[in-house]
Amino acid sequence: MTNFLKTEGQEQRLCPEYPTRRTLCSSDRGCKKGWMDPQSKGIQTGRCVVYEGNQKTCEVSAWCPIEAVEEAPRPALLNSAENFTVLIKNNIDFPGHNYTTRNILPGLNITCTFHKTQNPQCPIFRLGDIFRETGDNFSDVAIQGGIMGIEIYWDCNLDRWFHHCRPKYSFRRLDDKTTNVSLYPGYNFRYAKYYKENNVEKRTLIKVFGIRFDILVFGTGGKFDIIQLVVYIGSTLSYFGLVRDSLFHALGKWFGEGSD
1 MTNFLKTEGQ
11 EQRLCPEYPT
21 RRTLCSSDRG
31 CKKGWMDPQS
41 KGIQTGRCVV
51 YEGNQKTCEV
61 SAWCPIEAVE
71 EAPRPALLNS
81 AENFTVLIKN
91 NIDFPGHNYT
101 TRNILPGLNI
111 TCTFHKTQNP
121 QCPIFRLGDI
131 FRETGDNFSD
141 VAIQGGIMGI
151 EIYWDCNLDR
161 WFHHCRPKYS
171 FRRLDDKTTN
181 VSLYPGYNFR
191 YAKYYKENNV
201 EKRTLIKVFG
211 IRFDILVFGT
221 GGKFDIIQLV
231 VYIGSTLSYF
241 GLVRDSLFHA
251 LGKWFGEGSD
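The sequence shown begins at 1 in full-length UniProt numbering and counts up by one.
Structure, rendered in structure tokens:
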């Protein structure tokens, strides 16, 4: 979580809907009793009531007051999360070669931090550095949230004499960060905290903006196999033998026709 908005003191009662193109009204005729718009926060009562000043909206039965449409705070309330670190544990298995390994190497310095060139095998990542690798600024992303893909690629040579199996990390922004293209840019979700006040059930609705990490693991692993090599060489020689016979047959036929 990097940012949030709160709607406090909500309780179940009747109240005016938040003003939108679909909820604005001038009389009761503009409201339909029992109807609920997919983007509405409650069920309409059929009455048109004052929201604020001269502005009127349809009355609804819902958790009131209705959550307002607000911009996320700038800067993000938890902007310091840029310095948080995340440890990634990844085990891989190549059952065909009876080989298992993990990304945490023996003797790992637990105080290390990942660096693309200086410390590429460290599985501890600073959040600010992850976004810097993709060309993004963490402080900007933290306002509305985002989705970051952490890719772990394993390219494993499992031969004893050339054994090498180490992860390679890369990063990719997955959400659409262009506000004018995406209707809901970033990443957010809502949850509520319920409590009782004077024996009346109430809640605080919290809209949370944050960073979601998707770990994407892929790779290849193989080793030298003498049987496969012999089969490959044999099939290759058979192919050239077939080509040779076909060529000799064609030449013999051509020269035979020429002698006539």
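Positions of the beta carbon are idealized from the N, C-alpha and C atoms, including for glycine.
Only a predicted model underlies this, so the values are computations on that prediction, with no experimental measurement involved.
- Is the beta carbon of GLU59 sitting closer than 7 Å to the one on VAL49? yes
- Could you give the C-beta distance for ARG166 and GLY149, rounded to a whole number, given that I count them as a contact under 8 Å? That pair is no contact at about 20 Å.
- Contained alpha helix (DSSP H) runs [length at least 4] in the region 87-164, N- to C-terminal order: 127-133, 138-144
- Query: From which residue to which residue does the beta strand (DSSP E) around PRO16 run?
  - Reply: 3-16
- Task: For ARG29, name the three-state secondary structure that DSSP assigns.
- Result: helix
- Query: With C-beta atoms as the reference, is GLY221 less than 7 Å away from LEU158?
  - Reply: yes
- Task: Assign ALA76 to one of three DSSP states: helix, strand, or coil.
- Result: Three-state result, ALA76: coil.
- Task: Please decide whether ALA76 counts as near chain D, where near means a Cβ-Cβ distance under 7 Å.
- Result: Judged by its chain identifiers, the structure shown contains no chain D, having just a single protein chain.
- Item | Cβ-Cβ separation, PHE138 to THR85 (assumed contact under 8 Å), whole Å | No, THR85 and PHE138 are not in contact; Cβ-Cβ is about 13 Å, not under 8 Å.
- Secondary structure of LEU229, DSSP reduced to three states: Residue placement at LEU229 is poorly supported in this model, since its pLDDT is 45, which falls under 50; the coordinates are not used for a value here.
- Determine the extent of the beta strand (DSSP E) in which LYS196 is found, giving its start and end residues. 188-197
- Task: Specify, as a first and last residue, the run of the beta strand (DSSP E) that SER61 falls within.
- Result: Start and end: 55-64.
- Message: To the nearest angstrom, how far is the alpha carbon of LYS32 from that of THR23?
- Response: 10 Å
- Do GLY146 and ILE211 have their C-beta atoms within less than 7 Å of each other? Inclusion of GLY146 and ILE211 in the CB contact set at 7 Å is warranted, their separation being smaller than that value.
- Is the region 43-57 touching the region 9-21, taking contact as three or more C-beta pairs under 8 Å? yes
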